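Numbering (our numbering), first residue to last: 329 to 630.
Every residue, glycine too, gets a C-beta built ideally from N, C-alpha and C.
Here the structure is a predicted model, which is why all the values come from computation and not from measurement.
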Ligand SMILES: [Zn+2]
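So, in structure tokens, the structure goes:
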């Protein structure tokens, strides 16, 4: 008797049959990972992948980010030909890289280039968390360092959007060396009077947080982004202290002075244009330099 309670009634099942499944084409609908609301993918796409219900900022792919910021058709990509090798002969590393190249259509976990944002010429880098979790290998470091050097040579401001799981373990110490390489390039750029804006997006961790992501003249983040160096558990075990719930969120870091501002994705382009405009005007008023460099140094010679 009791057993019959648990017997599934085959004629009254709530599991959709094969035909019903086919009626909803795959990829048409999408679910918010924060509030579980279901939306048409197109609707969320139009909203720059911000949930219309709870305002959760979903990860934005590199080219979606570029399209959301740059004036149409102005972005020119740099160093698309650079590809990772396997310096430590790490097992299956190249296979994983090739798989991600196929999946994303990218050569590596960062896209660099230049274009116009609200009419202002800008050098740019954007990391893509779909590619090896946005981890920083030699090619990622090289592309970012080159983008910063190009910005210096072309007298352009430099903007970077980060999203990274940190150093790439398959490249060992070569991965860690990218922290120094990118930091030196940024120091030279800064010494020449260049303006750098860094925007940390979810998640920005490890060696990326500890190097170029935190070196902007302006350091911004998107709402709710996880930003940190070591993982929460490691810190708790080391310090033997319970950490607050919002630890390593953009909001926590802003409260403690590590970020200049948290910027909603819908306001990002306007804010960047305002900053580019302010610094260009500063430079135009300067008599010490006749070079059209968008300068953070308030018009010092560049
Ligand atoms: Zn939501």
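Contact test: residue 718 Cβ vs ligand 1 heavy atom, cutoff 7 Å: As shown, the chain starts at 329 and ends at 630. That puts residue 718 outside it, with no answer to give.
Nearest-angstrom beta carbon gap, residue 533 and residue 493 [assumed within contact, 8 Å]: 6 Å
beta-carbon residue 384 near ligand 1 non-hydrogen atom, thresh 7 Å: yes
Residue closest to residue 588, alpha-carbon to alpha-carbon, out of 605, 549, 560: 549
Closer than 7 Å: residue 362 CB and nearest ligand 1 heavy atom: yes
Buried/exposed call for residue 508, threshold 16 Cβ in 10 Å: exposed
Residue 381 beta carbon near ligand 1 (any heavy atom closer than 7 Å): Yes, Cβ of residue 381 sits closer than 7 Å to a heavy atom of ligand 1.
Straight-line Cα distance separating residue 455 from residue 416: 24 Å
Which residues DSSP lists as bridging residue 527, in chain order: Beta-bridge pairing by DSSP links residue 527 to 489, 548.
Burial state of residue 388, where buried means 16 or more other Cβ atoms lie within 10 Å: buried
The segment 511 to 519 touching the segment 536 to 553, judged by at least three CB pairs closer than 8 Å: yes
Uninterrupted beta strand (DSSP E) stretches inside the segment 538 to 590 (no shorter than 3 residues): 546 to 549
Minimum C-alpha distance to residue 409 - residue among 590, 471, 357: 471
Buried/exposed call for residue 381, threshold 16 Cβ in 10 Å: Answer is exposed; the Cβ neighbour count stays below 16.
Reduced DSSP secondary structure (H/G/I, E/B, other) of residue 385: strand
For residue 372 and residue 361, the rounded distance between their alpha carbons: 12 Å
Boundaries (first-last residue) of the alpha helix (DSSP H) holding residue 517: 500 to 519
Assigned secondary structure, residue 457 (DSSP; H/G/I helix, E/B strand, else coil): coil
Nearest candidate by alpha-carbon position, reference residue 486, set 531, 474, 577: 474
Endpoints, the beta strand (DSSP E) within which residue 358 is located: Start and end: 357 to 359.
Residue 448 vs residue 608 beta-carbon contact at 8 Å: yes
Separation of residue 575 from residue 452, as counted between CA atoms: 29 Å
Exposure label - residue 363; buried when at least 16 CB within 10 Å: exposed
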